[in-house]
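All the letters of the sequence shown, read from the start, carry residue numbers 206 to 311 under my numbering. Beneath this line is the structure, given in structure tokens, with notes to follow.
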Amino acid sequence: MNNRFAYWGYILALIGGILIIVFGFLGLIGNSLGSAYSPAGHYLSGAMYSIVAIIIGVICVIGSKSVGVLVWAIVLLVLGIVSGGLGGALVILGAILGLISIFVKS
Numbered sequence: 206m207n208n209r210f211a212y213w214g215y216i217l218a219l220i221g222g223i224l225i226i227v228f229g230f231l232g233l234i235g236n237s238l239g240s241a242y243s244p245a246g247h248y249l250s251g252a253m254y255s256i257v258a259i260i261i262g263v264i265c266v267i268g269s270k271s272v273g274v275l276v277w278a279i280v281l282l283v284l285g286i287v288s289g290g291l292g293g294a295l296v297i298l299g300a301i302l303g304l305i306s307i308f309v310k311s
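Here is the structure:
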């Protein structure tokens, strides 16, 4: 990562991935603590979304190292859009900076 854009993209995608993981765990804990007052269908969908968010966050953290590679920048962009929220926005910004670093380099 010789480029400054790629470095800042790495930092933003890493922080965003960590936030997605943290919010996924908090959603999982919150749903399990409040499950006595929620319908079973809502509890399962909330827990499933939390598990998917944790998986997306782990992929974002792993892929943040390679944000300067075109394929990983596109993957991170899509994952940031899918996850949404503050962490997703940071991952999207990191992926855009990674794409800028790719096109500035070439």
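Positions of the beta carbon are idealized from the N, C-alpha and C atoms, including for glycine.
Coarse secondary structure for residue i, derived from DSSP in three states
{"i": "G289", "result": "coil"}
{"i": "V266", "result": "helix"}
{"i": "V272", "result": "coil"}
Whole-angstrom distance between residue j and residue i, CA atom to CA atom
{"i": "S250", "j": "A258", "result": "12 Å"}
{"i": "L275", "j": "R209", "result": "16 Å"}
{"i": "Y254", "j": "V272", "result": "25 Å"}
{"i": "V287", "j": "G299", "result": "15 Å"}
{"i": "V370", "j": "I234", "result": "Limits of the chain in this structure are 206 at one end and 311 at the other, which puts residue 370 out of reach."}
{"i": "A294", "j": "I260", "result": "17 Å"}
{"i": "G268", "j": "A252", "result": "24 Å"}
Nearest candidate by alpha-carbon position, reference residue i, set the options
{"i": "C265", "options": "W277, L291, G273 and L304", "result": "W277"}
{"i": "G262", "options": "A211, V309, V296 and A252", "result": "V296"}
{"i": "G229", "options": "L291, Y212, L282 and G268", "result": "L291"}
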